[in-house]
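If you're matching positions, the sequence shown starts at 13 in the working numbering and goes up one per residue.
Ideal placement from N, C-alpha and C gives every residue a C-beta, glycine not left out.
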Amino acid sequence: MSLPMLRYGRQSIDQDDIDAVIDVLRSDFLTTGPAVEAFERMLCDVTGARESVVCSSGTAALHMMAMALDLSPEDNVVVPSMTFMGTASAMRLTGAEVIFSDVHPKTGLMEAENLEEALRRAGSRRVKVAIPVQLNGWACDMKALNAVAEKHGVTLLEDAAHAIGTTVTENGRNVPVGACTQSKMAIFSFHPVKTITSAEGGAVTTNDSDLAARLRRLRSHGITHRPEEFLERVAAFDASGRPNPWYHEMHEPAPNYRLSDVHCALGLSQLKKLDRLVARRRVLAERYDSALEQLAPVVRPVPHVPSCNPGLHLYAVLIDFEAIGIDRAAVMQLLREQGVGTQVHYIPVHRQPYYRRRYGDLNLPGADAYYARELSLPLFPDMSDSDVNRVVDALAKVVGRVS
Ligand SMILES: Cc1ncc(COP(=O)(O)O)c(C=O)c1O
């Protein structure tokens, strides 16, 4: 009997998640109800950020951040090329131009010198924002990046779509990604392959209450129902100074990026299990690390980042396809035939046709080198220890077959 296909990632859903969703379906509020606030409160507890604003996806969160900073066609944003294309697209939706930065060839992470180089390339163009990406769940050196950003008057944001549950050591303390100690805002994604899921969903965290208030308006048509934000005093309040019960104001045009209570209930239920989900991913990753030693040097896990305890979204390895004499498509196919699904994260975004048309051919050797070797192996909490052995055995067969 053939074993079930192992996908590179998938959700882990228990009865308590199902019960939480059913409870909301039986309640008065399917959207804009209490589950939204509850999910946001717990995200603040988990990340240590003062504010969190949940929304319909990680991409929506990125777009809300861009709008909240009033990005416009006169602005430029530094985005690492080794990311999901949504990081760049969300900026382009405001008309801002993207300046792609390079990344470290082995970790795929943007480093301070990559940011410096991108800012040099920008020349006299106004660079308002830079968005390092916490790729695979490993964190960039945000302190070093922030020092560069501050020197150049650039606002530092974080794409932490992969990194809920990651902590870094900062001044001897364990600081969760999303605490925004070195950045203005961070985003998360709760897509099913991520460490926790709300089916679709995302969030922005920040310590800036004014920005959080703006993000809440941008999430929902630019509307506010909060009397302290009303601008039209006469229309808003009755003779005794009470807000009129029907009253609300629209301050700017914005999309509907709300996350429903159904999604929030699932997200909250999953977030309650974050420690367990992260711990299981770490155990599996450690098992991969040691089992893969037999395949070195042609297959190596991406190097660990010092001072980072990752909530791993992906288990990425770098394969020397030239040395094994077989290309990546063939490796993926041979693994698939053995029931092992894999994926490539990512095609460097500067190589996408849209950006090549817009910015020409860029020379980003770090991103190209990472891309040339990367393969994401299956990693999700419901995998068994023996599933890891199965993947490594399958990979050993593929590599051994031709070496
Ligand atoms: C690095 C990164 N940023 C942003 C996103 C967008 O998240 P979503 O799929 O929730 O829109 C993703 C999604 O995979 C991602 O990997």
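Length of the line joining the Cα atoms of residue i and residue j
{"i": "Met54", "j": "Asp82", "result": "28 Å"}
{"i": "Pro144", "j": "Leu271", "result": "25 Å"}
{"i": "Asp250", "j": "Ile235", "result": "20 Å"}
{"i": "Val274", "j": "Leu374", "result": "43 Å"}
{"i": "Met97", "j": "Ala248", "result": "42 Å"}
{"i": "Leu391", "j": "Ala47", "result": "29 Å"}
{"i": "Val189", "j": "Thr207", "result": "13 Å"}
{"i": "Val295", "j": "Val58", "result": "21 Å"}
{"i": "Arg312", "j": "His116", "result": "15 Å"}
{"i": "Ile30", "j": "Leu278", "result": "8 Å"}
{"i": "Arg226", "j": "Arg185", "result": "31 Å"}
{"i": "His75", "j": "Ala211", "result": "19 Å"}
{"i": "Gly253", "j": "Glu241", "result": "14 Å"}
{"i": "Ala124", "j": "Glu162", "result": "12 Å"}
{"i": "Thr218", "j": "Asp339", "result": "43 Å"}
{"i": "Ala173", "j": "Val187", "result": "17 Å"}
{"i": "Ser302", "j": "Leu280", "result": "34 Å"}
{"i": "Met344", "j": "Gly214", "result": "30 Å"}
{"i": "Gln364", "j": "Pro204", "result": "25 Å"}
{"i": "Gly372", "j": "Asp332", "result": "28 Å"}
{"i": "Pro239", "j": "Asp171", "result": "32 Å"}
{"i": "Ser232", "j": "Ser69", "result": "14 Å"}
Cross-strand partners of residue i (DSSP beta bridge)
{"i": "Gln355", "result": "Ser388"}
{"i": "Asn268", "result": "Ser232"}
{"i": "Asp171", "result": "Val145 and Ile199"}
{"i": "Thr181", "result": "Asn186"}
{"i": "Arg312", "result": "Leu330"}
{"i": "Leu18", "result": "Val352"}
{"i": "Pro435", "result": "Nothing in the structure corresponds to residue 435, since the chain is present only between 13 and 415."}
Residue burial classification, residue i (beta-carbon count within 10 angstroms, cutoff 16)
{"i": "Arg138", "result": "exposed"}
{"i": "Leu330", "result": "buried"}
{"i": "His316", "result": "exposed"}
{"i": "Gln194", "result": "buried"}
{"i": "Met197", "result": "buried"}
{"i": "Pro377", "result": "exposed"}
{"i": "Gly412", "result": "exposed"}
{"i": "Met103", "result": "buried"}
{"i": "Gly165", "result": "exposed"}
Own chain residues within Cβ distance below 8 Å of residue i, not counting five before or after
{"i": "Val394", "result": "Per the sequence presented here, residue 394 reads as Asp, with Val not at that position. Within the same chain, Asp394 has close Cβ partners Arg22 and Ser24."}
{"i": "Ala408", "result": "Gln306 and Leu307"}
{"i": "Pro255", "result": "Pro239, Phe242, Ala248 and Phe249"}
Same chain only: Cβ atoms within 6 Å of residue i, ignoring 5 sequence neighbours per side
{"i": "Leu324", "result": "Gly149, Arg293 and Ala297"}
{"i": "Lys155", "result": "Gln194"}
{"i": "Ala501", "result": "Examination of residue 501 is not possible in this model, given that the chain is present from 13 through 415 alone."}
{"i": "Ala100", "result": "Val91, Val110 and Val361"}
{"i": "Leu289", "result": "Thr207 and Pro393"}
Heavy atom of ligand 2 within 7 Å of residue i beta-carbon
{"i": "Val65", "result": "Ligand 2 is not part of the structure shown, which contains ligand 1 as its ligands."}
Own chain partners of residue i with C-beta closer than 7 Å, once the 5 adjacent residues on each side are dropped
{"i": "Leu346", "result": "Val410"}
{"i": "Ala61", "result": "Gly190, Ala191, Cys192, Thr217, Thr218 and Asn219"}
{"i": "Thr106", "result": "Ala78, Met79, Leu83 and Ser84"}
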